Amino acid sequence: DVKVTQSSRYLVKRTGEKVFLECVQDMDHENMFWYRQDPGLGLRLIYFSYDVKMKEKGDIPEGYSVSREKKERFSLILESASTNQTSMYLCASSRDRVDGYTFGSGTRLTVV
Amino acid sequence: GENVEQHPSTLSVQEGDSAVIKCTYSDSASNYFPWYKQELGKRPQLIIDIRSNVGEKKDQRIAVTLNKTAKHFSLHITETQPEDSAVYFCAASTPNAGKSTFGDGTTLTVKP
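Line by line, the protein sequences are chains A and B. When we follow the numbering used here, the leftmost residue of the first sequence carries the number 1031, and every step to the right adds one. When we follow the numbering used here, the leftmost residue of the second sequence carries the number 1399, and every step to the right adds one.
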C-alpha cells in the first residue's frame, strides 16, 4: 500500500518558535505538496515541489518555507510560528504533474 | 490562474437517494478532474477522476460527468448510504501549473 507519512499527528509549539513538519513518501513520486486546511476555507496550497531542490510558491506561502533535499522527503518550515498558523497541515504527493494526490494523515499544529 | 467553484456547500439526503455535487472551472486548459472524499478526522482520498478526453466515468455507485464546453463537471452518487457521509472536494489540474486547484468542499450527510 502506497504511503505518505507525516512525522507528527499533533504538535503544540510556542509563538516565535521555528517549526519543522516532515513528510515522507515511498512511491517514488516526483511531485509533493503542502496544504493547510481550516474550517470553511477548504484546502489551501502553501508550497509544492516537482523535483529535488525545486520549489514553487502556492497560494499562501507567507510565513513558510520548504526544503526538498531528497526525492522522498518534503519539509515545511515555519520560520517563526504565530497563532494564525494554528491549523491542520496536509502533505500530498503525485506521480505526474497532472495526476491524483495521495495525502498524508495530517499534522494538527497548535501555536500558543 | 485556475478558479474552481463547488456547489452546494452542504447537502443532506435520505439513505437510498441520489446526491449530485457540481463544480465549475475557469481555465479551458485544465484537463484532469479528480474528486476526493474526506471522512471526519481522516485524510482526503481520491475516489474517482476523469480526464478531458472522456465525458463520463463510472465506478459502482459513483460517477463523474464532464462538460468541457460549459467548463463544469459533476459527481453523482446513487443509492446513498450513511458511510457516504463526508466532505467531498473537486479539483481541476492544468498541465503547465503542475498542481490541482480545489473547490471549497461539500459536506454530504446521508440520513438513515
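Where is the CB? At the ideal position from N, CA and C, for every residue including glycine. Nothing here was measured: the structure is a model prediction, and the numbers come from that model.
Is residue i helix, strand or coil by DSSP?
i               : result
T1476 (chain B) : coil
N1401 (chain B) : coil
S1045 (chain A) : Reading off the sequence shown, one finds Thr at residue 1045 (chain A), where the question assumed Ser. DSSP places T1045 (chain A) in coil when its eight states are reduced to three.
L1465 (chain B) : Contrary to the premise, residue 1465 (chain B) reads as Asn rather than Leu in this sequence. Three-state DSSP puts N1465 (chain B) in a strand.
Q1412 (chain B) : strand
Q1067 (chain A) : strand
Q1115 (chain A) : helix
D1482 (chain B) : helix
Y1094 (chain A) : strand
P1432 (chain B) : strand
G1072 (chain A) : strand
N1061 (chain A) : strand
S1110 (chain A) : coil
L1143 (chain A) : As displayed, chain A neither begins before 1031 nor continues past 1142, which places residue 1143 (chain A) out of reach and without an answer.
A1495 (chain B) : coil
Using a Cβ-Cβ cut-off of 7 angstroms (strictly less than) and excluding sequence neighbours within five positions of residue i, which residues of its own chain qualify?
i               : result
S1483 (chain B) : L1506, T1507, V1508
R1480 (chain B) : The displayed chain sequence assigns Pro, not Arg, to residue 1480 (chain B). So the list reads E1413, V1508, P1510, once near-sequence residues are dropped.
Y1094 (chain A) : I1076, Y1077, L1106, I1107, L1108
On the premise that residue j lies in contact with residue i, defined as a C-beta separation below 8 angstroms, what is that separation, rounded to the nearest angstrom?
i               : j               : result
G1072 (chain A) : D1502 (chain B) : 4 angstroms
G1453 (chain B) : T1463 (chain B) : 7 angstroms
F1078 (chain A) : Y1131 (chain A) : Their Cβ separation, rounded to whole angstroms, is 10 angstroms, which puts F1078 (chain A) and Y1131 (chain A) out of contact at 8 angstroms.
I1490 (chain B) : F1431 (chain B) : It is Ala, not Ile, that sits at residue 1490 (chain B) in the sequence shown. 6 angstroms between Cβ atoms; contact.
Quick one: residues in its chain with C-beta nearer than 6 angstroms to the C-beta of residue i, no 5 flanking neighbours on either side, listed in chain order?
i               : result
S1110 (chain A) : G1046
S1097 (chain A) : S1105
D1425 (chain B) : E1400, T1492
Going along the chain, which residues of its own chain have a beta-carbon closer than 8 angstroms to the beta-carbon of residue i, five neighbours each way excluded?
i               : result
E1060 (chain A) : Y1080, D1081, K1101, S1124, R1125, D1126, R1127
K1087 (chain A) : Y1077
Short-range partners of chain A found in the segment 1440-1474 of chain B, where Cβ spacing is below 9 angstroms: K1440, R1441, P1442, Q1443, L1444, D1447, R1449
Where the segment 1490-1503 of chain B meets chain A: residues whose CB sits under 9 angstroms from a CB there: S1491, T1492, P1493, N1494, A1495, G1496, K1497, S1498, T1499, F1500, G1501, D1502, G1503
Contact residues within the segment 1409-1432 of chain B, judged by C-beta distance below 7 angstroms to chain A: N1429, Y1430, P1432
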